[in-house]
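When you line the sequence shown up against the working numbering, it's residues 81 to 459, in that order. Here a beta-carbon is modelled for each residue, glycine too, at the ideal position from N, C-alpha and C. All of these numbers come straight from a predicted model, not from anything done at the bench. What follows is a set of notes on a single structure, which appears directly below.
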Amino acid sequence: MIDKDRLILEFENLVKIESPSRKEGAIAHYVADIFEALGYKCFFDKSAEATGSEVGNLIVKIPGSVPSSPLFFCAHLDTVGPCENPKVIFEDGIFRTDGRTILGADDKAAIAILIEVAKILKENALPHPPIEYIFTTCEEIGLLGAKSLDASLVDSREGFVLDSENPWEVINGAPSSYRFELKVKGISAHAGLEPEKGVNAIHALSQVISSLPTGRIDEETTMNIGVIRGGNFVNIVPDEAVAEGEIRSHQEFKLEELQKLIIERAKKIIEEYSLKREGFPKLFHHFEKIYSAFYIPPEDELCQLVKKAGEKIGLNMVFRRKEGASDANVFNEKGFKCLILGIGMQKVHTTEEYIALKDMIITTNLILEILRIKSESVE
Ligand SMILES: [Zn+2]
Numbered sequence: 081m082i083d084k085d086r087l088i089l090e091f092e093n094l095v096k097i098e099s100p101s102r103k104e105g106a107i108a109h110y111v112a113d114i115f116e117a118l119g120y121k122c123f124f125d126k127s128a129e130a131t132g133s134e135v136g137n138l139i140v141k142i143p144g145s146v147p148s149s150p151l152f153f154c155a156h157l158d159t160v161g162p163c164e165n166p167k168v169i170f171e172d173g174i175f176r177t178d179g180r181t182i183l184g185a186d187d188k189a190a191i192a193i194l195i196e197v198a199k200i201l202k203e204n205a206l207p208h209p210p211i212e213y214i215f216t217t218c219e220e221i222g223l224l225g226a227k228s229l230d231a232s233l234v235d236s237r238e239g240f241v242l243d244s245e246n247p248w249e250v251i252n253g254a255p256s257s258y259r260f261e262l263k264v265k266g267i268s269a270h271a272g273l274e275p276e277k278g279v280n281a282i283h284a285l286s287q288v289i290s291s292l293p294t295g296r297i298d299e300e301t302t303m304n305i306g307v308i309r310g311g312n313f314v315n316i317v318p319d320e321a322v323a324e325g326e327i328r329s330h331q332e333f334k335l336e337e338l339q340k341l342i343i344e345r346a347k348k349i350i351e352e353y354s355l356k357r358e359g360f361p362k363l364f365h366h367f368e369k370i371y372s373a374f375y376i377p378p379e380d381e382l383c384q385l386v387k388k389a390g391e392k393i394g395l396n397m398v399f400r401r402k403e404g405a406s407d408a409n410v411f412n413e414k415g416f417k418c419l420i421l422g423i424g425m426q427k428v429h430t431t432e433e434y435i436a437l438k439d440m441i442i443t444t445n446l447i448l449e450i451l452r453i454k455s456e457s458v459e
């Protein structure tokens with residue numbers, strides 16, 4: 081049923097349309113035109129105001145041919161860089177670029193797969209539940225499209241994000257993450273003429289940082305300080321230093337504990353700082369939740385649906401948790417039940433990114449099978 085040549089051509093067309101985050105306008109309209117030509121209604125939500133993208137999230141409604149509850153499938157429209165003028169090379173069943181740019185299989189392979197699925201359903205008049213395709217913007221810069229999605233446009237309560245590597249792996253859990261900033265304020269002074277009047281913010285902050293844990297905290301929790309800023313001139317005692325970091329865990333309570341530990345240790349170091357003067361250094365801290373953890377047990381109906389569909393096409397589906405975030409974190413937080421499916425993309429976010437056509441075909445078949453089983457389970 082799958083038209084290989086059509087899938088190849090569609091994927092290549094999508095790759096050629098540059099779509100860095102916030103510049104998804106061209107690809108969104110290209111995709112909407114395809115579904116409108118198939119006779120399906122397309123909606124853009126108003127998320128562009130919040131995300132700063134050229135367009136809102138695109139929602140496509142494919143009416144069901146059986147009276148079943150609807151399912152959604154989501155892919156993101158944006159890619160990371162470098163993505164200027166990509167040249168796609170298809171050789172021995174593998175898509176890659178000439179090495180100057182990323183390929184953007186993350187997540188355009190998913191878009192191509194969803195287009196192929198819709199065409200197959202239509203031309204073969206296959207029974208299927210109501211389907212909603214959600215194409216989000218700005219996923220790569222903090223899941224912004226999904227966060228601002230107008231959920232009132234979506235009828236489905238459950239579905240899938242197509243945004244992972246191996247087609248036989250189902251991601252059924254992902255961690256929660258906080259971003260944080262620790263800022264130390266000191267007093268500036270000339271470093272040579274009157275250093276005793278200054279309080280060195282960099283010196284104080286470095287003591288805070290060295291008192292904190294880093295790396296893997298336990299098997300499901302990590303911490304990193306990834307950015308440090310402060311000072312402008314070597315002959316001035318710096319009056320401000322900032323460290324930025326993140327913490328991730330599959331357990332929300334562990335993040336709350338870690339946050340408390342970071343703040344308490346930092347406060348203590350600054351309070352006991354030996355070179356204090358006039359109430360300085362002072363500590364400022366800010367923690368912000370970036371996304372929430374989720375976990376859907378393998379016994380769950382949605383997991384079982386994928387497992388059965390996999391078996392039908394000869395795949396032994398494996399469930400595993402992921403360390404990174406995707407739109408699925410946001411969907412689950414918003415009350416949708418959402419798993420992540422693999423599409424075959426490999427070495428994503430590098431110029432060596434590639435994808436095998438056979439993996440895209442496997443995922444296409446998996447989705448067709450999910451839809452078939454779902455439409456057969458209608459009483
Ligand atoms: Zn992605």
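When the alpha-carbon of Y371 is set against those of V264, F123 and G404, the nearest one is in G404. The nearest non-hydrogen atom of ligand 1 is less than 7 Å from the C-beta of D187. The segment 184-203 makes no contact with the segment 354-370, as fewer than three CB pairs between them are under 8 Å. Proximity of the beta carbon of D243 to ligand 1 is indicated: a heavy atom of the ligand is located closer than 7 Å. Distance between L87 and L437, taken at the CA atoms: about 9 Å. A straight-line Cα-Cα distance of about 20 Å links G306 and L223.
The beta carbon of K277 is closer than 6 Å to those of A269 in its chain, skipping five residues each way along the sequence.
Proximity to A284 across I267, P293, A271 and E413 peaks at I267, based on C-alpha coordinates. With fewer than 16 other Cβ atoms from the protein chains shown falling within 10 Å of its own Cβ, A117 counts as exposed. The C-alpha of N409 is placed about 35 Å away from the C-alpha of K348. Around the beta carbon of Y375, fewer than 16 other beta carbons lie within 10 angstroms, which makes this residue exposed. Counting along the chain, F367 sits inside no alpha helix (DSSP H); it lies in the beta strand (DSSP E) bounded by residues K362 to Y371. Here the distance from the Cβ of H156 to the nearest heavy atom of ligand 1 is below 7 Å.
DSSP, reduced to helix, strand and coil, places M303 within a strand of the structure shown. Between the segment 314-326 and the segment 241-255 there are fewer than three C-beta pairs closer than 8 Å, too few to call the two in contact. In the structure shown, V234 falls within a coil segment according to DSSP collapsed to helix, strand and coil. Comparing alpha-carbon positions, the option among N315, E332 and S406 lying closest to E220 turns out to be S406. In its chain, beyond the 5 residues on either side, K141 have a beta carbon closer than 7 Å to the beta carbon of K121. Looking only at G144, A128 and P143, the smallest Cα-Cα distance to N137 is reached by A128. By the neighbour-count criterion, in which 16 or more other beta carbons inside 10 Å mark a residue as buried, I169 falls on the exposed side.
By the CB criterion at 8 Å, A192 and D243 fall outside the cutoff. In this structure, the C-beta of E219 approaches ligand 1 to less than 7 Å from one of its heavy atoms. Each residue's CA atom was taken as its position, placing V241 and L341 some 34 Å apart.
Distance check between R102 and each of C218, L395, L89 and F153 places C218 closest, using alpha-carbon atoms only.
Rounded to whole angstroms, E358 and V279 show a C-alpha spacing of 9 Å. With a cutoff of 7 Å, S145 does not count as near ligand 1, since its C-beta is closer than that to no heavy atom of the ligand. When the beta-carbon positions are compared, G422 and E245 come within less than 8 Å of each other.
Contact check for L335 and Y258: beta-carbon distance about 6 Å, within the 8 Å limit, so the pair qualifies. By the CB criterion at 8 Å, A108 and V135 fall inside the cutoff.
Placement of the Cβ of S372 at a distance of 7 Å or more from every heavy atom of ligand 1 is found. Taking C-beta atoms under 8 Å as the contact rule, L194 and F152 fail to qualify, at a distance of about 11 Å. K121 carries a strand assignment under DSSP once its states are collapsed to helix, strand and coil.
Per DSSP, the continuous alpha helix (DSSP H) segment holding D439 begins and ends at L437 to E456.
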